[in-house]
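Q: Residue numbers (the numbering used here), protein chains in the order written: chain E, 1 to 632; chain U, 1001 to 1193.
Quick one: the structure is below, and I'll ask about it shortly.
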Amino acid sequence: MKSLGKMLLEEQPFQEIVIGNTALVRGMVESHVRVATTYPGSPTPEIASAILSIPADSRPFYFEYSTNEKVATEVAFGASVNGHLSCVFFKSVGLNVAADSFVQLGHMELTGGMVIVLGDDPGANSSQNEQDNRHFARLSYIPVFEPADPQEAYEMFLESASLSTSRRMPVILRMTTHVCHAKQKVSFQGWDPLPMDRTPRFDPASGPYVPIARDALNLKGKALAKLEDLRKYAETSPFNLVEDNGNLSKGIITAGLPFLSLLDVLREAEEIPDVLKLGMIHPLPRSLVLDFLETHEEVKILEELDDVLEREIKAIAYEARKETLIHGKKELEDWVGEYTPDKVARVLHNTWPHMVSPPEDPAEPPIAPRPPQMCPGCGHRSAFHAIKKVLEAEDITVADIGCHTLGYLPPYKMGEVLLCMGHSTGTGSGLSLFNDSRKVVAFIGDSTLFHAGMSGIVNAVFNRHDLTLVVMENGTTAMTGHQNHPGTGANARGPVEALSIETLLEGLGVKSIRRVDTYSQGKLMKMVREAMAEEGFSVVIASHPCMLKFTREQRRKEGYTAKKVIIDQEKCTRAMNCISEFACPSFQRSPDGSIWVNPELCIGDASCIQTCPSHAIGMDQVDRESRKGGGK
Amino acid sequence: MKSFDIYLTGVGGQGISLLSEIIIRAGDHAGLAGSGVDTHGLAQRGGMVVSHVRFGAERTTPLVRQGKADLVIALEVSEALRALYSHARTGGTLVFYDTGWQTLTVRLGQEDPPDSKVLEEACMQRNVRVIGVRKQDLKDFRMQNMVLLGRIARENLIPGIERQHYEQAMEDLMTGPMLSANLEIFHEMLEED
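Here it is in structure tokens:
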């Protein structure tokens, strides 16, 4: 078997099939990154998985899971002004959390250099929106590279690190979901290991680093000057290139994954336009863009999400009195969703109907969609099932980010309002104002509580808000792939003392704290009822380990035997609670209306047994060996 | 050069990523340039999961266009039906593992359970060659992906990739008892009558 960790430290040039996220880590190794930080979030968590594939003692840089993206940014900044090249990476909306620190970075003399890897998520595959973080780059005067595939992601990381170090400024590498996860054979250069320089080089004279009074304005001027200087680099950067197809009439300016979609679509096109593919998208190479406009009658800006390039290119054209017809976004749909080849074909057809035919809309399949759902045995299911029974229909439930967000989907419909990480206590507090009739229950996961949940809790205590917070503790950061957090007892380098959520809450001044395992549904119902009856802010820690993680760990153990539940058809009264209320996906319906348990799904956790009013669910005593595959 | 486009689908937890990675690496061992992309993140929790693999195209997106897949590989019947409508091309092939993981709608009795007969008829109507696979004595459902791979290899469903290329790819990605168990299933399927 090939070892990823070994491959990443290979000293000779080599080629390997990797995803974009992994290719970046080789970029970190080769560019001698010394400090890397993150908070897990899709589409970037596999960057950390690749780093962790290198054993901690041979990792050529320090790596940590920070408590949130803002802290991760600050740790990387601190390392950089101490002379170490650093890299922080996180998902699109993570930048909102990091923003307060992030927007200062361009103002600072980053003596060690710092690369910020952003995982934007066009299509909102795993995010609450599809925000376009190129706006943030403009806001903060930080340059941006945008790769289209893993090979470019790796090459642009090297270039970002090199520019960042030599110009002592931050550089953004903006990835998108299907660049992070695209897989291809990438050619890597050699790696020349350097001994770790442990000299702390922070020098206030390199600053100023304290932006008060006039210095804040001076620093802004410096940031602008650095960015403008980088525009000269952009003009000749090998990452901005023209594909000259000899078309004097039509050209397309594009970047990132939409460029690859375009190549695909153009293979069946009636006319092949010239293409200016931008690799550095901020600052724009003004002369290169002007040349391209000048040499074409019409230019289409093919741009995923917002009209960032379009506005700037139109401004460049206006200032230079260019009369090229510039086609930007035509309709609201052009702003929404990932620019897949099908989407690009449609957008291009709407601009130049003769060039490509629009994709045919596929016929609707005769089956309902399959949204994600809580796994078999998930403690959150038991929690929602029990808590729903305690609530009145008009009570208000507030969700947060994490696996428990799936409680919003039928049949539970628990957690019916959501903004972002850590919002639930604050939003719940607001919902409790002028409200004597509808109880408010907010939810939050354990990793999210450490990430952004604490200030809402302190506020609820401080301002005496009247609501109940249920901490859905599963002992991991489950949705993004089971990363450690301050409550798990290990960090990215080894075991540490786990932070207790009770102790934390007590320290924050919470007076009413209860803890229960969610599989004890009766006890959980009683506790939530009691907590809700109290005046003021109360917390119930509804705990059960993530069963996906737990089951995977069990399967690896010697002598593991799978357990299943089974339905006693004689006892079953077809009350259907297991399907319509508890709704573990293991329960399947036969055409005759009887219920059976799918052995491919059931993990034998038995959490369902107590939910059957007819006592028809029991453990399957049959030896697993004698069972033949899955039923239907 | 025309690419060979493969669209893989199933439900989170069925082992699509491994299957996809084996195929793309097998292609590499066979000298085929390939690219691919998988679903990650939230959808992996029991939702629909897909993977795209493309061989032989020049520089291009890893995403397979709707209605253009030469081969659809499905680990579950209802997802096979969904992929037939969205991605299978006329004249292409759909190979599926004959198992059903019901959606909530089915479980609530609002829709019929997944049915391989319905799928096979729909494939014929749309002029897509259909191959259903099921190994009755399979002990561990997590190896259904290897059952499919064995059948894919036996029927040469991916032009240019031979059995030894699949074996090499499996050796790249697995080791020890996991490798031998998976190879065993793969070989059984190669020799199945």
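Glycine residues also receive a C-beta, built at the ideal position from the N, C-alpha and C atoms.
Taking all protein chains shown into account, do 16 or more other C-beta atoms lie within 10 angstroms of the C-beta of Gln1144/U, making it buried, or fewer, making it exposed?
A: Counting Cβ neighbours within 10 Å, Gln1144/U comes out buried, since at least 16 surround it.
Q: Please list, in chain order, all residues of the same chain as Glu17/E whose beta carbon is under 8 Å from its beta carbon, the five residues on each side excluded.
A: It is worth fixing the name first, because residue 17/E is Ile in this sequence and not Glu. Correct list, in chain order: Lys183, Gln184, Lys185 and Val186.
Q: From Gly119/E to Lys526/E, what does the alpha carbon distance come to, in whole angstroms?
A: Cα to Cα, the separation comes out at about 43 Å.
Q: On the three-state DSSP scale, how would you describe Arg624/E?
A: With a pLDDT of only 48 at Arg624/E, under the threshold of 50, the placement of this residue in the model should not be trusted, and no figure is reported.
Q: Just list the alpha helix (DSSP H) runs in the segment 543 to 615 of chain E, keeping only unbroken ones of 4 residues or longer that don't cross its boundaries, in chain order.
A: Correct list: 547 to 555.
Q: From Tyr141/E, Cys572/E and Thr448/E, pick the residue whose C-alpha is nearest to that of Ser594/E; which is it?
A: Comparing Cα-Cα distances from Ser594/E to each of Tyr141/E, Cys572/E and Thr448/E, the minimum goes to Cys572/E.
Q: With DSSP as the reference, please indicate the residues paired to Asp1038/U in a beta bridge.
A: According to DSSP, which records beta bridges pairwise, Asp1038/U is partnered with Ser1051/U.
Q: Counting only beta-carbon atoms, is Ala583/E nearer than 8 Å to chain U?
A: Yes, because at least one Cβ of chain U sits closer than 8 Å to the Cβ of Ala583/E.
Q: Decide yes or no for the touch test of the segment 531 to 546 of chain E against the segment 582 to 597 of chain E: beta carbon pairs closer than 8 Å, at least 3 of them.
A: Touching, no, given that fewer than three Cβ pairs across the two stretches are closer than 8 Å.
Q: What alpha helix (DSSP H) runs, 4 residues minimum, are completely inside the segment 261 to 333 of chain E?
A: Counting whole runs of 4 or more residues, the segment 261 to 333 of chain E contains the alpha helix (DSSP H) stretches 286 to 294 and 308 to 319.
Q: Measuring only the C-alpha atoms, how far is Arg384/E from Asp100/E?
A: One detail in the question is off: residue 384/E reads as Phe in this sequence, not Arg. Near 35 Å, if we compare the C-alpha coordinates of Asp100/E and Phe384/E.
Q: Where does Pro495/E sit, in a helix, a strand or coil, going by DSSP?
A: Here Pro495/E sits in strand by DSSP.
Q: Under 8 Å by Cβ, that's how I've got Gly415/E and Gly407/E pegged, so tell me the actual separation to the nearest angstrom.
A: Rounded, the Cβ-Cβ distance is 5 Å, consistent with contact.
Q: Whole angstroms is fine: what's the gap from Gly629/E's alpha carbon to Leu1138/U's?
A: Note that Gly629/E has pLDDT 40, beneath the 50 cutoff, so the model's placement of it is unreliable and the number below is only indicative. Using only the alpha carbons, I get a separation of about 5 Å.
Q: Are at least three pairs of beta-carbons, each pair with one atom in the segment 53 to 67 of chain E and one in the segment 1053 to 1062 of chain U, less than 8 Å apart?
A: In short, these stretches do not touch, since the Cβ pair count stays below three.
Q: Taking 8 Å as the cut-off, does the segment 154 to 166 of chain E touch the segment 246 to 258 of chain E (at least 3 CB pairs, one atom from each stretch)?
A: At 8 Å Cβ cutoff, the stretches do not touch.
Q: From this set, Val93/E, His135/E, Ser206/E and Arg134/E, which residue's C-alpha is nearest Ala124/E's C-alpha?
A: Nearest C-alpha to Ala124/E: Val93/E.
Q: Look at the Cβ atom of Leu293/E, then the Cβ atom of Val299/E, and state whether they are nearer than 8 Å.
A: For Leu293/E and Val299/E, yes; Cβs fall inside 8 Å.
Q: Roughly how many angstroms separate the alpha carbons of Ala148/E and Phe259/E, rounded to a whole number?
A: Going from the Cα of Ala148/E to the Cα of Phe259/E covers about 7 Å.
Q: Count the CB pairs spanning the segment 347 to 364 of chain E and the segment 506 to 519 of chain E that are closer than 8 Å, and state whether there are at least three.
A: No: the two stretches stay apart, fewer than three of their Cβ pairs being nearer than 8 Å.
Q: Mind pulling the alpha helix (DSSP H) runs of 4 or more residues that sit fully within the segment 189 to 275 of chain E?
A: Runs found: 214 to 236 and 257 to 266.
Q: Note down, in chain order, every chain U residue with its Cβ under 7 Å from the Cβ of Lys222/E.
A: Within chain U, no residue comes near Lys222/E; the closest Cβ sits about 39 Å away, beyond 7 Å.
Q: Which residues of the segment 1085 to 1107 of chain U have a Cβ closer than 9 Å to any Cβ of chain E? Give them in chain order.
A: Those would be Tyr1085, Ser1086, His1087, Asp1098, Thr1099, Gly1100, Trp1101, Gln1102, Thr1103, Leu1104, Thr1105, Val1106 and Arg1107, in chain order.
Q: Chain E beta carbons: is any one of them nearer than 8 Å to that of Gln1066/U?
A: Interface residue, yes.
Q: Can you check the segment 76 to 162 of chain E for any beta strand (DSSP E) of at least 3 residues that lies completely inside it and give the ranges in chain order?
A: Runs found: 86 to 91 and 114 to 120.
Q: Going by DSSP, what residue range makes up the beta strand (DSSP E) through Gly1092/U?
A: Looking at the DSSP string, the run of the beta strand (DSSP E) that includes Gly1092/U is Ala1088 to Tyr1097.
Q: Alpha carbons only, please: which of Gly1100/U, Ser1180/U and Lys1002/U is nearest the one belonging to Leu1119/U?
A: The option with the nearest alpha carbon to Leu1119/U is Gly1100/U.
Q: Quick one: does Phe1141/U have its CB under 8 Å from some CB of chain E?
A: Yes, its Cβ sits closer than 8 Å to a Cβ of chain E.
Q: For Pro170/E, which beta-bridge partners are listed by DSSP?
A: Its beta-bridge partners are Met114/E.
Q: My output table needs one value for Leu391/E: the three-state DSSP class, helix, strand or coil.
A: Coil, per DSSP.
Q: Excluding the 5 residues flanking Met547/E on each side, which residues of the same chain have their C-beta closer than 8 Å to its C-beta?
A: Here the set comprises Cys375, Pro376, Gly377, Cys378, Gly379, Ile603 and Asp605.
Q: Going by beta-carbon coordinates alone, are Phe90/E and Thr22/E separated by less than 8 Å?
A: Contact flag unset, no.
Q: Taking Met1146/U as the query, report the chain E residues whose CB atoms sit under 9 Å from its CB, ordered along the chain.
A: Within 9 Å Cβ-Cβ: nothing; Met1146/U doesn't reach chain E, min ~14 Å.
Q: Ser538/E bridges to which residues according to DSSP?
A: Paired residue(s): Thr468/E and Ser512/E.
Q: Check whether the Cβ of Leu1075/U lies closer than 8 Å to any Cβ atom in chain E.
A: For Leu1075/U, the answer is no, since every Cβ of chain E falls outside 8 Å of its Cβ.
Q: For a quick check, are the C-beta atoms of Leu262/E and Val242/E less than 8 Å apart?
A: No, they are not a contact pair.
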